[in-house]
Structure formats: C-alpha cells, structure tokens
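Read left to right, the sequence shown gives residues 388 to 787 (my numbering).
Just so you know, even glycine gets a beta-carbon here, dropped at the ideal spot from N, CA and C.
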Amino acid sequence: MLVVQKYGGTSVGTLERINEVAKRVAKTRRNGNDVVVVVSAMSGETNKLIEYAEYFTNNPQQREMDMLLSSGERVTSALLAIALASMGYPAVAMSGRQAGIETDLCHTKARIESIDRTKIEQKIKEGNIVVVAGFQGINRSGEVSTLGRGGSDLSAVAIAGALEADLCEIYTDVDGVYTTDPRIEPKAKKLDKISYDEMLELASLGAKVLQTRSVEMAKKLNVNLVTRSSFNDNEGTLITKEENIMEQPIVSGVALDKNQARVTLRGVSDKPGIAAEIFRKLANENINVDMIIQNVGYDGTTNLGFTVPQNEVEMTKQAMAQIKASELVEYDSEIVKVSIVGVGMKSHSGVACKAFETLAKEGINIEMISTSEIKVSMVVAQKYGELAVRALHSAYDLDA
Ligand code: ADP
Ligand code: ASP
Ligand code: MG
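Right, here's the structure in full:
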C-alpha cells in the first residue's frame with residue numbers, strides 16, 4: 388500500500404514527540420508500505436512567527452509572511468527525516484517546491500493548482516520515506532506560498548490524491564472527529580464515520596480538526612481519509628461518501644467559530660449596485676465574507692451586516708475605506724458563530740426552531756442567523772459561545 392500520514396503541530400510539538408512519530412512511521416514502513424509523511428510546524432511555532440512579524444507592523448507584506456511561515460514546517464520535515472535515518476530508515480525531507488506543489492498567486496492562503504507527482508515518486512522509488520513540509524507550495528512566479536491556517540491537512544490530502552494513495556491518515560491530538568470539540572464538551576462522542584459534506588460544513592464552521600479545503604479536496608478526489616490520534620492506537624474517524632453511512636442522525640455535530648467578526652453598515656443607500664460594489668471590493672482582496680444580512684429598506688436607506696474572519700478585519704477596514712457605501716461602519720469582534728450540522732436536516736422540519744428555543748432557554752440572544760440545507764448557524768455574544776455549544780449538544784441528544 389501507499390500511505391500518506393500527516394502529523395499536526397502537537398504530534399510533532401517536541402523532539403521526543405518527533406521521535407515517537409518516527410517510530411510510528413517506521414512501523415508503517417516495516418509493514419511493507421510506501422510512506423509519504425506530511426508534517427506541520429511544531430505546535431505554537433506558526434503563531435510565534437506571526438507575533439515576530441507583528442512586532443514591526445500589523446500589516447506585513449503577505450509575500451514575506453509566506454517566506455517566514457513556511458520555515459516552521461521545513462524545520463520539522465528535516466528533523467523527522469534525520470530521526471528516521473538514525474533509526475535505519477532512509478528518508479528525505481522535501482519543501483513544498485521540491486515536492487512539486489504548485490499554487491495560485493494568492494499569498495498566505497493559496498490554492499493548490501497542481502502537483503508534479505514525479506518528484507515524490509522518484510524518491511519513493513529510490514527506497515526513501517518521503518517527508519514533505521506541509522502548508523506550502525510554490526506559485527507560477529516561483530515564489531513561496533502558504534495554504535492558509537491548518538493548511539498541512541490540505542497538503543496531505545492533495546498529495547494523497549495526486550499519488551492515488553490507498554489511505555490518507557491525519558494524525559492529531561484527539562481520537563477523531565467528535566460530535567463537538569471535546570475540549571468544550573467533555574461528553575462529546577467520537578464518530579466512527581462522517582460524510583464529506585457534513586465534515587465540510589463542520590470544518591468551515593469552526594471545527595478545526597480538519598481544514599475546510601482539505602475536506603473539499605478529499606471529496607473531489609475521493610481520498611480515503613481517516614483522522615486519528617498520534618498519542619494512542621485507537622481507531623479514528625473515516626470521512627466518506629454519504630451512501631456509506633447507514634444511520635443518519637438529524638444533527639451530527641455542533642461547531643463553534645471564535646474567529647469571526649461582524650461588520651455593520653448603517654444608512655446604506657437602498658439602490659441597485661451597492662451590494663455589488665461592496666462585495667466586489669472585498670472579493671478582490673480575497674476576504675472571506677459569510678452570513679450577509681440586509682434589512683428591508685426604509686426611507687431610501689438600509690442596514691447591511693456580514694461577518695469576516697477576525698484576522699481579515701484590518702484588510703476589510705482598508706477595503707471599506709475605499710468605497711463610500713456608508714458613513715457609519717461598525718466592527719465587532721466580540722461575537723462567535725455557533726452551528727448545528729446534519730444531513731438528516733434535509734428531511735426533517737423543526738430543527739432550526741429547536742435550536743432557537745434551546746438558546747432562548749439559556750437566555751442567549753441570537754444576533755444573526757443563516758441556514759443551508761444541512762446547517763443552521765447563529766451569531767451570539769462571545770461570552771455565550773461555549774454555553775451555547777453545550778446546550779445544543781444536549782438538546783439534540785448528542786451526548787446520549
Ligand atoms: P493539528 O495541530 O493536529 O492539526 P488542530 O489543533 O488543528 O490539530 O485540530 C485538532 C483540534 O480540533 C482538537 O484538539 C480539538 O480541540 C479541535 N476540534 C474542534 N472541533 C472538533 C471536533 N468536532 N472533533 C474533534 N476535534 C475538534
Ligand atoms: N503550521 C500551520 C498552522 O499552524 C499549518 C498547519 O499546522 O497545518 O496553521
Ligand atoms: Mg490542524
């Protein structure tokens with residue numbers, strides 16, 4: 388078999404941990420598999436590098452951020468290759484460029500456009516375990532790019548897809564995908580299986596156990612994806628096609644996104660083209676807008692609200708300053724988004740209503756709502772986020 392294994396920050400957080408990972412990789416190799424390993428930076432390392440840059444400015448050049456942040460993963464890849472070789476297993480570390488990962492031109496959250504598989508294959512053929520630095524690639528202009536926070540998951544899935552690997556294992560610090568973040572609700576249950584679509588929603592709504600784009604890519608390329616712990620041998624969670632899952636609960640999971648900020652524009656003139664102008668500007672800056680809400684106009688003006696990731700508020704402010712949509716723009720980072728997700732919602736009514744009742748019972752005010760076929764999201768004050776998660780988790784019997 389050809390196995391791709393990805394190890395996240397805590398899994399390679401210390402030299403001892405890297406040694407443990409090397410033992411696990413070596414065992415997979417001894418069992419007769421070809422192995423490609425994708426590693427994250429040691430835990431805390433990426434944040435530390437960001438803080439270093441912020442010492443100088445809160446708006447560093449994105450190109451230089453990619454140069455800076457990609458270094459964390461390179462350190463771990465080389466250390467793991469050294470550890471493996473010292474155990475008698477030939478191994479080579481490769482940067483994103485060396486591994487043939489080509490991306491678009493967008494710095495700090497680039498998309499993978501193609502992978503030249505011959506580069507990794509050559510090293511495997513020579514008998515090596517290949518250790519790829521995750522989270523990075525090279526763009527058409529030959530510049531280093533990174534894939535957005537949590538992007539090593541995407542590196543692993545994309546490599547597994549390109550190499551047509553038999554299995555892609557994402558090793559992390561929890562046993563798999565739970566009904567909600569087990570750090571918020573200790574009664575959360577591990578799921579044996581979850582559909583690509585539900586995982587995609589959970590990930591995009593804040594469950595950082597898998598990066599959103601990695602799930603998107605896994606679905607597209609039909610990658611056999613498993614998340615599991617690098618700290619034990621427990622069975623993990625299989626992310627698979629909906630038809631492979633027999634029982635579909637109405638709600639499969641609850642997610643909390645703490646990285647959201649709300650932008651409110653008051654007195655926006657109520658005429659054609661205004662929304663188009665605002666969101667074109669934000670799109671051009673690659674800002675991820677979510678939960679757009681506009682009221683019925685009154686007296687020729689209206690109010691418009693939307694959410695953006697907290698770390699894109701600065702960019703949003705700069706973009707908004709260039710258009711004259713509203714004199715009064717407010718930014719609120721003291722909010723969170725709580726969501727319930729489940730494919731069973733498609734065929735059941737009253738699911739959203741139960742969520743609203745549950746939060747009302749806790750005295751939590753819902754400030755924004757958005758829904759799709761398989762999710763209901765609510766914006767609430769930050770201080771109520773975890774309480775809301777626990778209340779919803781119990782209301783849909785997920786801790787039963
Ligand atoms: P890594 O560094 O290995 O990539 P992350 O910190 O990115 O790990 O993701 C793992 C974390 O995701 C867990 O420690 C857990 O707190 C969090 N998490 C959030 N939602 C969930 C969920 N539904 N199931 C499991 N873990 C979750
Ligand atoms: N090191 C990067 C981050 O912290 C990428 C990753 O860990 O997946 O976001
Ligand atoms: Mg992660």
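Using 7 angstroms as the cut-off, classify the Cβ of Asp-686 as near or not near the heavy atoms of the ligand MG, replying yes or no.
no
Is Lys-580 helix, strand or coil by DSSP?
strand
Anyone know if the C-beta pair for Ile-665 and Ile-722 falls short of 8 angstroms?
no
Take the Cβ of Gly-737 as the centre, count every other Cβ of all protein chains shown within 10 Å, and call the residue buried at 16 or more, exposed below.
exposed
Which class does Gly-459 belong to by DSSP, given the choice of helix, strand or coil?
helix
Using only the alpha-carbon positions, how far apart do Glu-603 and Phe-693 sit?
24 angstroms
Can you tell me which residues fall inside 5 angstroms of the ligand ADP, judged by beta-carbon distance to its nearest heavy atom, and keep chain order?
Gly-395, Gly-396, Thr-559, Asp-560, Val-561, Val-564, Tyr-565, Asp-568, Arg-570, Ala-594, Lys-595, Val-596
C-beta contact flag for Ser-582 and Val-763 at 8 angstroms:
no
When you compare the CB positions of Glu-530 and Arg-450, do they come within less than 8 angstroms of one another, or not?
yes
Spatial neighbours of Leu-455 within its chain, please: C-beta separation below 7 angstroms, excluding the five flanking residues on both sides.
Leu-436, Ala-440
Using beta-carbon positions only, say whether Gly-779 and Ala-739 come within less than 8 angstroms of one another.
What sits at residue 779 in the sequence shown is Leu, not Gly. No. Outside cutoff.
Can you tell me the Cβ-Cβ gap for Ala-478 and Val-425, rounded? I've got them flagged as a contact below 8 angstroms.
The pair is not a contact, with the Cβ atoms about 13 angstroms apart (cut-off 8 angstroms).
Inside the stretch 624-704 only - beta strand (DSSP E) runs reaching at least 3 residues
624-627, 640-644, 647-656, 677-681, 688-696
Under 8 angstroms between the Cβ atoms of Ser-601 and Val-655?
no
If we call anything under 8 angstroms between Cβ atoms a contact, is Val-391 one with Cys-555?
yes
Anyone know if the C-beta pair for Thr-490 and Gly-524 falls short of 8 angstroms?
yes
In this structure, how does DSSP classify Ala-787 when only helix, strand and coil are distinguished?
coil
Between the CA atoms of Ser-639 and Lys-574 - distance to the nearest angstrom:
14 angstroms
Where does Asp-540 sit, in a helix, a strand or coil, going by DSSP?
helix
Along the chain, where does the alpha helix (DSSP H) containing Glu-403 start, and where does it finish?
402-417
Local conformation of Thr-533 per DSSP, three classes
strand
Start-to-end residues for the beta strand (DSSP E) that takes in Gln-392:
389-394
Runs of beta strand (DSSP E) wholly within the stretch 460-531 (minimum 3 residues, chain order)
478-481, 488-490, 499-502, 516-520, 523-526
Taking the beta carbon of Met-765 as the centre, do at least 16 other beta carbons fall within 10 Å, making it buried, or is it exposed?
buried
Segment limits, beta strand (DSSP E) that includes Tyr-565
It is not in any beta strand (DSSP E) - Tyr-565 carries neither H nor E in the DSSP assignment.
CB-CB under 7 angstroms to Ala-465, same chain, minus the five flanking residues each way: which ones, in chain order?
Ala-480
Measuring straight from C-alpha to C-alpha, what distance separates Ala-782 and Gln-485?
50 angstroms
Answer with buried or exposed for Val-683, where buried requires no fewer than 16 other C-beta atoms within 10 angstroms of its C-beta.
exposed
Alpha carbon to alpha carbon, what distance is there between Gly-396 and Gly-431?
7 angstroms
Nearest-angstrom Cα separation, counted from Leu-774 out to Ser-734
28 angstroms
Is the beta carbon of Gly-548 closer than 8 angstroms to that of Gly-623?
no
Residues in its own chain within less than 7 angstroms of Val-561 by CB, not counting five upstream and five downstream?
Pro-569, Val-596, Ser-616
So which of Glu-754, Asp-553, Gly-660, Ser-726 has the shortest CA-CA distance to Leu-389?
Asp-553
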